[in-house]
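Written out below as structure tokens is the structure these notes cover.
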Amino acid sequence: MKILVATSKPFAPVAIDGIRKVTEEAGYELALLEKYTEKAELLAAVADADALIVRSDKVDAEVFDAAPQLKIVVRAGAGFDNLDLASATSHNVVAMNTPGQNANAVAELVMGLLVYAVRNFYNGKSGSELMGKKLGLLAFGNVGHNVARIAKGFGMEVLAYDAFCPAEVIKKADVEPVASREDLFSQCDIVSLHIPATPETVKSINGSLVGTMKKNAILINTARKEVIDEESLLTLLKERTDLKYITDIMPDAHEAFSTLEGRYFSTPKKMGAQTAEANINAGVAAAKQIVGFLKDGITKFQLNK
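Have a look at this one:
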């Protein structure tokens with residue numbers, strides 16, 4: 000059987016070494032399609048693939064149509080909005096992600112960006128400290144748990160809201176659960192977003208919600224660009240000159256946000272999982288999940304159930 004790694008933005012060589020070791024020890028063939036620029040290259044490469052590993056590469060109906068032997072696709076990372084789950088199901092392909100493998104990398108980025116923000120982007124002017132501030136986590140999955148762990152080391156008070164995570168689980172992590180998303184925003188000095196992009200969450204973070212935050216509050220987004228209602232957030236930030244917006248996903252309206260001098264920062268590209276460790280962890284986990292599925296039918300991280 001052939002396992003194809005198709006990545007327009009390739010894994011680090013050490014990650015490929017790890018993927019190859021897992022694949023070949025299981026008796027499978029590994030094929031690589033790296034730095035491809037045309038979808039036609041992907042369509043040709045999947046023609047005889049039994050399994051597929053991708054990063055942010057889009058796997059849609061056209062890709063599934065071109066891959067008659069495909070049994071499983073794994074997105075090396077937590078987010079999976081690049082996978083067409085309905086199409087995977089209709090083509091009898093199991094779709095998975097690798098939750099938790101990038102979580103610490105994203106969490107460390109969150110805290111790094113927050114230090115940068117409260118110190119006024121290191122512009123030489125007096126800033127503030129994170130100790131004693133209330134940090135709200137919107138969603139309390141793997142990343143949220145790691146952000147909470149690090150934030151408590153800074154002496155922050157951590158609150159969380161997650162409609163799908165029981166309050167008991169949040170409390171067990173020594174984090175205070177709140178009853179609603181609205182409570183989280185109104186009570187916290189900083190809110191960090193960790194929600195996926197779904198029909199329910201797209202543009203759900205708007206000016207009206209963020210406007211309930213305290214004076215000098217910060218909104219930080221290392222989740223997905225699509226969850227932000229950019230137009231209404233921009234309107235709010237122009238009115239509330241005390242608020243800051245920090246993100247590692249450049250908004251569509253980046254130029255307009257950039258006029259908010261000293262109150263907005265975006266990395267040039269998404270940086271959450273961009274560490275050597277996360278790159279290796281996610282790639283090797285994807286390979287192990289494929290081997291587990293092909294050999295033993297393990298579907299623990301299946302998304303299209």
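Anchor point for the sequence shown: position 61 equals 60 in numbering that gives the first Met the number 0, and the numbering is continuous, going up by one each time.
Built from N, CA and C at the ideal position, the CB exists for glycine as well.
Item	Value
Span separating the alpha-carbon of E276 from that of A104	8 angstroms
Assigned exposure category for E33 - 16 Cβ within 10 Å defines buried	exposed
H193, buried or exposed, once every other Cβ within 10 Å from all chains shown has been counted against 16	buried
Beta-carbon gap between L51 and A5 smaller than 8 angstroms	yes
Alpha carbon of V209 to alpha carbon of P198, nearest angstrom	20 angstroms
CA-to-CA distance, V177 to P98, given in whole angstroms	24 angstroms
Residue environment, P250, which counts as buried when at least 16 other CB atoms sit within 10 Å	buried
Three-state secondary structure (DSSP) of S257	helix
Distance CB(E230)-CB(A196) smaller than 8 angstroms	no
Where R148 sits in the DSSP three-state scheme	helix
Span of the beta strand (DSSP E) around T6	1-6
Distance CB(A75)-CB(A281) smaller than 8 angstroms	yes
Sheet register partners of G17 (DSSP bridge)	None, per the DSSP bridge assignment.
Three CB pairs or more closer than 8 angstroms across the region 262-277 and the region 56-72	no
Proximity below 8 angstroms, CB of K133 to CB of Q186	yes
Rounded distance between the beta-carbons of L129 and I219, thought under 8 angstroms	Contact flag wrong, Cβ pair sits at about 12 angstroms.
Proximity test, I227 beta-carbon vs the ligand FMN heavy atom, cut-off 7 angstroms	Annotation note on the ligand FMN: not contained in the displayed structure, which lists no ligands.
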